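Engineer: Just so you know, the sequences run in chain order A and B.
Residue numbers are given in numbering that gives the first Met the number 0: position 375 of the first sequence equals residue 374, and the series is strictly consecutive.
Residue numbers are given in numbering that gives the first Met the number 0: position 30 of the second sequence equals residue 29, and the series is strictly consecutive.
Even glycine gets a Cβ: it sits at the ideal position worked out from N, Cα and C.
Model, not experiment: these values are computed from the prediction.
My questions will all concern the structure given below.
There are 2 protein chains.
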Amino acid sequence: MIDMTTQNLEKLFYPESIAVVGVSREEEKLGHVIFRVLLENRRKGLLRARVYGVNPRADYILGEKIYPSVEAVPDLVDMAIIVIPANLVESAIEDLGKKGVKVAVIVSAGFSEIGKTELERRVVEKAERFGIRVLGPNCLGVLSAWSGVDTIFLPYTKKLGDGREVLSTPRPGRGFVALVSQSGALGVAALDYMYGENIGLSHFVSIGNKADIDEVDLIDYLKNDPYTRVILLYLENVKYGRKFVEIVSEVTRKKPVVALKAGRTIAGKRAAASHTAALAGVDEIYDAAFRRAGVIRANDMEELFDLAKALAKQPPAKGDKVGILTDGGGAGVMATDMAEMLGLRVPELVGEARDRLEELKARGFLPEFAQVSNPVDLTGSATDKMYVETARILLESEEIDALAILAMHHVPGIPDPIVLVKELSKIAMEHAKPVVVVDIGGSEAAVLERKEFDANGLPAYPTPERAVKALWGLVKYGEYLLRKGSFDEYVNNFLRIRTKDLINIQINSASG
Amino acid sequence: MIDMTTQNLEKLFYPESIAVVGVSREEEKLGHVIFRVLLENRRKGLLRARVYGVNPRADYILGEKIYPSVEAVPDLVDMAIIVIPANLVESAIEDLGKKGVKVAVIVSAGFSEIGKTELERRVVEKAERFGIRVLGPNCLGVLSAWSGVDTIFLPYTKKLGDGREVLSTPRPGRGFVALVSQSGALGVAALDYMYGENIGLSHFVSIGNKADIDEVDLIDYLKNDPYTRVILLYLENVKYGRKFVEIVSEVTRKKPVVALKAGRTIAGKRAAASHTAALAGVDEIYDAAFRRAGVIRANDMEELFDLAKALAKQPPAKGDKVGILTDGGGAGVMATDMAEMLGLRVPELVGEARDRLEELKARGFLPEFAQVSNPVDLTGSATDKMYVETARILLESEEIDALAILAMHHVPGIPDPIVLVKELSKIAMEHAKPVVVVDIGGSEAAVLERKEFDANGLPAYPTPERAVKALWGLVKYGEYLLRKGSFDEYVNNFLRIRTKDLINIQINSASG
Numbered sequence: 000m001i002d003m004t005t006q007n008l009e010k011l012f013y014p015e016s017i018a019v020v021g022v023s024r025e026e027e028k029l030g031h032v033i034f035r036v037l038l039e040n041r042r043k044g045l046l047r048a049r050v051y052g053v054n055p056r057a058d059y060i061l062g063e064k065i066y067p068s069v070e071a072v073p074d075l076v077d078m079a080i081i082v083i084p085a086n087l088v089e090s091a092i093e094d095l096g097k098k099g100v101k102v103a104v105i106v107s108a109g110f111s112e113i114g115k116t117e118l119e120r121r122v123v124e125k126a127e128r129f130g131i132r133v134l135g136p137n138c139l140g141v142l143s144a145w146s147g148v149d150t151i152f153l154p155y156t157k158k159l160g161d162g163r164e165v166l167s168t169p170r171p172g173r174g175f176v177a178l179v180s181q182s183g184a185l186g187v188a189a190l191d192y193m194y195g196e197n198i199g200l201s202h203f204v205s206i207g208n209k210a211d212i213d214e215v216d217l218i219d220y221l222k223n224d225p226y227t228r229v230i231l232l233y234l235e236n237v238k239y240g241r242k243f244v245e246i247v248s249e250v251t252r253k254k255p256v257v258a259l260k261a262g263r264t265i266a267g268k269r270a271a272a273s274h275t276a277a278l279a280g281v282d283e284i285y286d287a288a289f290r291r292a293g294v295i296r297a298n299d300m301e302e303l304f305d306l307a308k309a310l311a312k313q314p315p316a317k318g319d320k321v322g323i324l325t326d327g328g329g330a331g332v333m334a335t336d337m338a339e340m341l342g343l344r345v346p347e348l349v350g351e352a353r354d355r356l357e358e359l360k361a362r363g364f365l366p367e368f369a370q371v372s373n374p375v376d377l378t379g380s381a382t383d384k385m386y387v388e389t390a391r392i393l394l395e396s397e398e399i400d401a402l403a404i405l406a407m408h409h410v411p412g413i414p415d416p417i418v419l420v421k422e423l424s425k426i427a428m429e430h431a432k433p434v435v436v437v438d439i440g441g442s443e444a445a446v447l448e449r450k451e452f453d454a455n456g457l458p459a460y461p462t463p464e465r466a467v468k469a470l471w472g473l474v475k476y477g478e479y480l481l482r483k484g485s486f487d488e489y490v491n492n493f494l495r496i497r498t499k500d501l502i503n504i505q506i507n508s509a510s511g
Numbered sequence: 000m001i002d003m004t005t006q007n008l009e010k011l012f013y014p015e016s017i018a019v020v021g022v023s024r025e026e027e028k029l030g031h032v033i034f035r036v037l038l039e040n041r042r043k044g045l046l047r048a049r050v051y052g053v054n055p056r057a058d059y060i061l062g063e064k065i066y067p068s069v070e071a072v073p074d075l076v077d078m079a080i081i082v083i084p085a086n087l088v089e090s091a092i093e094d095l096g097k098k099g100v101k102v103a104v105i106v107s108a109g110f111s112e113i114g115k116t117e118l119e120r121r122v123v124e125k126a127e128r129f130g131i132r133v134l135g136p137n138c139l140g141v142l143s144a145w146s147g148v149d150t151i152f153l154p155y156t157k158k159l160g161d162g163r164e165v166l167s168t169p170r171p172g173r174g175f176v177a178l179v180s181q182s183g184a185l186g187v188a189a190l191d192y193m194y195g196e197n198i199g200l201s202h203f204v205s206i207g208n209k210a211d212i213d214e215v216d217l218i219d220y221l222k223n224d225p226y227t228r229v230i231l232l233y234l235e236n237v238k239y240g241r242k243f244v245e246i247v248s249e250v251t252r253k254k255p256v257v258a259l260k261a262g263r264t265i266a267g268k269r270a271a272a273s274h275t276a277a278l279a280g281v282d283e284i285y286d287a288a289f290r291r292a293g294v295i296r297a298n299d300m301e302e303l304f305d306l307a308k309a310l311a312k313q314p315p316a317k318g319d320k321v322g323i324l325t326d327g328g329g330a331g332v333m334a335t336d337m338a339e340m341l342g343l344r345v346p347e348l349v350g351e352a353r354d355r356l357e358e359l360k361a362r363g364f365l366p367e368f369a370q371v372s373n374p375v376d377l378t379g380s381a382t383d384k385m386y387v388e389t390a391r392i393l394l395e396s397e398e399i400d401a402l403a404i405l406a407m408h409h410v411p412g413i414p415d416p417i418v419l420v421k422e423l424s425k426i427a428m429e430h431a432k433p434v435v436v437v438d439i440g441g442s443e444a445a446v447l448e449r450k451e452f453d454a455n456g457l458p459a460y461p462t463p464e465r466a467v468k469a470l471w472g473l474v475k476y477g478e479y480l481l482r483k484g485s486f487d488e489y490v491n492n493f494l495r496i497r498t499k500d501l502i503n504i505q506i507n508s509a510s511g
């Protein structure tokens with residue numbers, strides 16, 4: 000373990016000047032792809048950092064002057080991306096050291112993951128002597144949606160046999176979810192998944208062999224990162240358990256951390272060991288450590304991102320009483336079942352909210368056969384207006400801590416899902432209780448409704464059960480914050496940020 | 000209970016002539032939408048049945064002559080769709096009876112679901128006197144992808160505020176999965192979901208109050224339906240438990256039945272009771288009944304359809320030994336964990352398959368750092384060719400009963416997912432072991448790869464865990480068939496049909 004130098008870690012995400020060590024002429028080589036993507040990001044205005052290529056056997060690549068060493072670059076260089084054979088890395092570190100580089104991303108493989116532990120140790124020791132922090136080796140490095148740093152060596156698109164060029168390795172748009180992954184391949188797949196689920200990214204880091212910088216260092220750094228509101232982890236092991244609990248439990252009071260820890264079962268541990276040479280350890284110990292650190296544990300990949308979306312967009316719940324509002328009785332039953340199975344409550348309404356809903360029925364505003372006991376079932380006669388009024392009543396009621404709105408667009412009374420989304424999102428923003436939404440289906444209307452909800456701050460899911468599982472995360476996180484005495488501070492801060500977001504959304508849609 | 004008249008039930012799906020009782024002039028009225036969709040289906044050549052509108056106060060609607068009664072229609076009428084106020088239904092049945100109608104779909108609501116049990120009883124008794132089978136009341140009726148019958152009163156598209164017309168209530172394409180739903184709204188949402196998941200439909204039936212035709216009648220009928228290979232159920236209650244077990248256990252030897260039973264928890268039961276007036280009963284009793292009847296129980300909506308896709312496209316497994324083939328170590332670990340958590344085995348390869356894989360490594364065909372113990376991890380250096388050869392070895396090995404292939408398209412060695420799909424699907428078809436596949440992400444390439452896999456007979460999923468859960472269904476169904484002594488018969492039949500499908504795919508792609 001090396002002492003944390005937060006200043007150096009900052010250069011991973013916000014460098015002023017980047018050198019790619021091992022830039023190649025050949026289009027399909029990693030050193031070429033990384034160099035090209037960085038240059039493109041600069042051209043697009045996404046990346047402000049200056050970019051330099053290093054290769055002793057090239058003068059110009061992609062029209063850019065190439066330097067024989069990092070030392071020869073006529074500018075400061077604070078971040079270096081190393082894409083050369085493993086046996087050359089040690090001497091490259093020497094070169095970086097002379098230049099005063101702060102952080103090195105060693106993309107190259109061929110270290111401890113194939114038993115070359117000694118080589119890896121020497122590289123890190125040398126870096127430490129120069130005060131260089133090392134990410135990797137054997138990693139994909141960093142993607143920052145906000146600063147434009149992108150060391151992922153997989154091009155955006157693929158050219159198919161029939162000539163079509165298709166988006167293949169998308170980078171998600173700017174957002175507030177950070178992802179730290181011990182598996183590079185899974186990381187890339189996860190970025191593609193986030194893209195598909197409309198989850199915006201703050202920063203992605205692939206930690207590879209984590210010879211120096213590990214998940215704890217990054218979580219600690221991200222605690223104060225202004226763009227990160229939720230931290231996701233994909234882990235196969237944690238080397239320093241005590242350090243993890245100590246540092247992460249400080250972070251989780253400020254930001255939720257959700258972990259997918261693979262290698263839970265005996266066969267899974269064996270698979271993990273052969274994958275990252277990581278000793279997965281006893282799963283119960285991880286469970287206990289996560290609990291102590293306030294980390295929410297996801298059971299699978301889908302849940303990891305479903306929870307992320309909810310935690311990024313909605314405040315935690317102050318209790319476990321869930322309201323369910325629906326236009327389809329069946330979906331309401333499914334949501335209720337899942338809530339109860341997760342240990343949440345779906346209380347029958349008996350107080351003022353019930354009276355107000357009954358009154359709406361009595362004066363014909365709600366359909367004669369609407370159910371108003373919770374789930375509140377507006378039936379197939381549901382309209383936009385009914386959703387808005389009932390959602391308001393439920394959010395105002397003390398009998399409800401959190402709300403799941405199932406608004407299947409199929410009913411005739413939702414003529415335009417976009418209108419419903421705007422109205423519901425306005426109501427939700429007026430309250431400090433978490434709201435998740437559902438529309439079911441793969442039709443244009445369903446995809447549109449979910450996308451609009453996501454864009455307007457209400458996390459949207461394609462099944463009732465997934466939405467309720469996400470709500471469970473908001474209840475659990477709320478419980479944790481209450482226990483730690485930081486609930487009010489977190490929520491106040493969250494609501495302040497959200498209001499700012501809302502104003503931005505309004506400005507954008509006014510100008511768009 | 001009324002005696003089963005299979006011949007009459009056939010008219011639900013394959014009528015020769017349909018009357019819509021209560022066709023309306025007003026565009027948004029149910030009776031108008033149903034009439035219009037049926038006429039359009041005829042025009043498109045989807046529907047062969049002749050279609051007649053009935054309304055005593057109209058001469059022409061949508062350019063078609065309208066009749067004052069069913070009796071007045073100058074043609075035989077074997078199916079009637081009833082869309083008139085509840086209090087008029089009884090006398091309409093009289094009219095149907097005189098005409099010799101075989102089956103009536105009562106879309107109209109206002110019966111037992113709002114306490115009008117007596118009215119419902121009278122309607123069914125009258126129908127019974129005329130030998131008419133009744134679907135509903137308070138239902139959406141039937142959608143048959145093969146015959147073009149479509150009584151769903153929700154139009155395909157919606158016109159948004161900005162003038163765009165978007166697909167809103169899609170009907171899935173022709174396929175082999177039947178869906179019987181006790182909730183109409185959920186049924187429509189489920190059809191939209193199937194559309195999005197590339198799951199082809201045979202027939203959909205919404206059973207509503209199931210005053211006459213119930214889930215058991217339909218399962219029994221679908222047993223011999225040539226287009227149905229998997230039967231899905233969404234149920235809130237089962238009225239006749241003994242009949243269910245008796246009849247369904249005969250069906251499950253021939254075709255898999257998967258059920259999502261809502262109202263599992265106390266709050267869920269309360270919600271179900273207020274939704275369909277169904278007494279949900281003790282969940283353990285349902286569990287036992289499903290087990291005895293050989294029904295596979297899905298835990299949530301997503302699982303219901305994930306299982307359906309697997310069972311429709313792949314044979315059951317003869318054992319619980321799962322092989323996992325991947326190009327991403329992390330995804331392999333996640334799949335392994337899920338398999339073990341579901342009680343499946345992911346055995347370390349020790350026999351001939353291991354030797355063959357080691358040999359491929361020794362002669363440089365597989366990467367030096369590939370893992371060949373199961374999961375077989377081809378690493379980021381994976382290529383199409385490696386997938387094909389290793390899949391073949393795994394499928395040929397006695398150490399493996401079922402295979403999950405995780406082929407994340409992001410690696411450079413899969414230049415065109417379509418090529419990989421064709422090759423892998425060929426290998427899979429040469430073996431009687433089930434194969435499921437995964438690609439992760441929402442990019443064009445990911446969506447394309449999954450769609451191509453689905454179209455070529457390999458069920459594709461967006462996360463490792465969902466694929467493994469689907470494989471679990473194939474293992475469970477295999478165990479059941481083995482216990483019942485009908486494994487070989489089922490598999491032989493399945494493989495025969497599959498070969499026919501494959502030939503059709505080849506003809507289509509040759510001509511397309």
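1) With three or more beta-carbon pairs closer than 8 Å as the criterion, would you say the segment 136 to 147 of chain B touches the segment 196 to 214 of chain B?
2) Name the chain A residues whose beta carbon is nearer than 9 Å to that of P84 of chain B?
3) Given a limit of 9 Å on CB to CB distance, which residues of the segment 183 to 205 of chain B reach chain A?
4) Does the beta-carbon of G331 of chain A have 16 or more other beta-carbons within 10 angstroms, so that it is buried, or is it exposed?
5) First and last residue of the beta strand (DSSP E) that includes L234 of chain B?
6) Along the alpha helix (DSSP H) that carries S16 of chain B, what are the first and last residues, could you check?
7) Can you check the segment 379 to 412 of chain B for any alpha helix (DSSP H) of at least 4 residues that lies completely inside it and give the ranges in chain order?
8) I want to verify the contact list: residues of chain D whose CB lies under 7 Å from the CB of R353 of chain B, in sequence order.
9) Leaving out five residues on either side along the sequence, give the residues of the same chain with a beta carbon under 7 Å from the beta carbon of L513 of chain A.
10) My parser needs the alpha helix (DSSP H) runs of 4 or more residues fully inside the segment 107 to 176 of chain A; what are they?
11) Check whether the Cβ of R263 of chain B lies closer than 8 Å to any Cβ atom in chain A.
12) Just verifying my parser: in three-state terms, what is the DSSP assignment at R49 of chain A?
13) Short of 8 Å in beta carbon distance, which residues of its chain neighbour P55 of chain B, apart from the five on each side in sequence? Order them along the chain.
14) I need the straight-line Cα distance from E127 of chain A to S248 of chain A, nearest angstrom please.
15) Secondary structure at Y66 of chain B, three-state DSSP: helix, strand or coil?
16) Please identify, using Cβ separations under 7 Å, the residues of the segment 436 to 449 of chain A that lie next to chain B, in order along the chain.
17) Out of curiosity, what's the CA-to-CA distance linking A403 of chain B and V36 of chain A?
18) Can you tell me whether S485 of chain A sits near the ligand SAM, meaning its C-beta is under 7 Å from at least one heavy atom of the ligand?
19) At the level of alpha carbons, what is the spacing between D281 of chain A and G267 of chain A?
20) Alpha carbons only, please: which of B:G441, B:G114 and B:S396 is nearest the one belonging to I323 of chain B?
21) What is the residue span of the beta strand (DSSP E) that K425 of chain B lies within?
22) Is V187 of chain B helix, strand or coil by DSSP?
23) Which partner residues of G322 of chain A appear in the DSSP bridge assignment?
24) Look at the alpha carbon of P154 of chain A and the alpha carbon of A18 of chain B, and state the distance between them as a whole number of angstroms.
25) Under DSSP, the beta strand (DSSP E) around V437 of chain B begins and ends at which residues?
26) Is the Cβ of F289 of chain B closer than 8 Å to any Cβ of chain A?
27) What residue range is occupied by the uninterrupted beta strand (DSSP E) comprising V104 of chain B?
28) Might you give, ordered along the chain, the residues of its own chain that have their beta carbon closer than 6 Å to the beta carbon of G293 of chain B, omitting 5 neighbours on each side?
Structural biologist: Reading off the structure:
1) Touching, per the Cβ criterion.
2) In chain order: nothing, as chain A lies at least about 14 Å away.
3) Per Cβ criterion, the list reads G183, A184, L185, G186, V187, A188, A189, L190, D191, Y192, M193, Y194, G195, E196 and N197.
4) Buried, by the Cβ-count rule.
5) Counting along the chain, the beta strand (DSSP E) containing L234 of chain B begins and ends at V229 to L234.
6) That residue, S16 of chain B, is in no alpha helix (DSSP H); its beta strand (DSSP E) goes S16 to V20.
7) The qualifying runs are 383 to 395.
8) Although the question refers to chain D, the structure presented lacks it and instead comprises the protein chains A and B.
9) Nothing about residue 513 of chain A can be reported from this structure: the residues present for chain A run from 0 to 511 only.
10) 116 to 128, all fully within the segment 107 to 176 of chain A.
11) Closer than 8 Å to some Cβ of chain A, the Cβ of R263 of chain B qualifies, so yes.
12) Secondary structure of R49 of chain A (DSSP, three-state): strand.
13) Cβ neighbours of P55 of chain B within its own chain (closer than 8 Å, five residues either side excluded): P67 and S68.
14) CA-to-CA, the gap between E127 of chain A and S248 of chain A works out to about 27 Å.
15) In this structure, DSSP gives Y66 of chain B an extended state, which the three-state scheme calls strand.
16) Residues I439, G440, G441, S442, E443, A444, A445 and L447.
17) C-alpha separation (whole angstroms): 34 Å.
18) This structure lacks the ligand SAM; in fact it carries no ligand of any kind.
19) Position check: residue 281 of chain A holds Val in this sequence, whereas Asp was assumed. Taking the CA atoms as reference points, V281 of chain A sits about 11 Å from G267 of chain A.
20) Of B:G441, B:G114 and B:S396, the residue nearest in Cα terms is B:S396.
21) No beta strand (DSSP E) contains K425 of chain B, which is instead part of the alpha helix (DSSP H) from P416 to M428.
22) Note: V187 of chain B maps to helix in three-state DSSP.
23) Note: G322 of chain A sits in a beta bridge opposite A:L402.
24) Cα to Cα, P154 of chain A sits roughly 58 Å from A18 of chain B.
25) Run containing V437 of chain B: V434 to V437, per the beta strand (DSSP E) assignment.
26) Not one chain A Cβ lies under 8 Å of F289 of chain B.
27) Counting along the chain, the beta strand (DSSP E) containing V104 of chain B begins and ends at V102 to I105.
28) Here G293 of chain B has S248, T251 and Y479 as same chain residues with Cβ atoms under 6 Å from its own Cβ, once five neighbours each way along the sequence are excluded.
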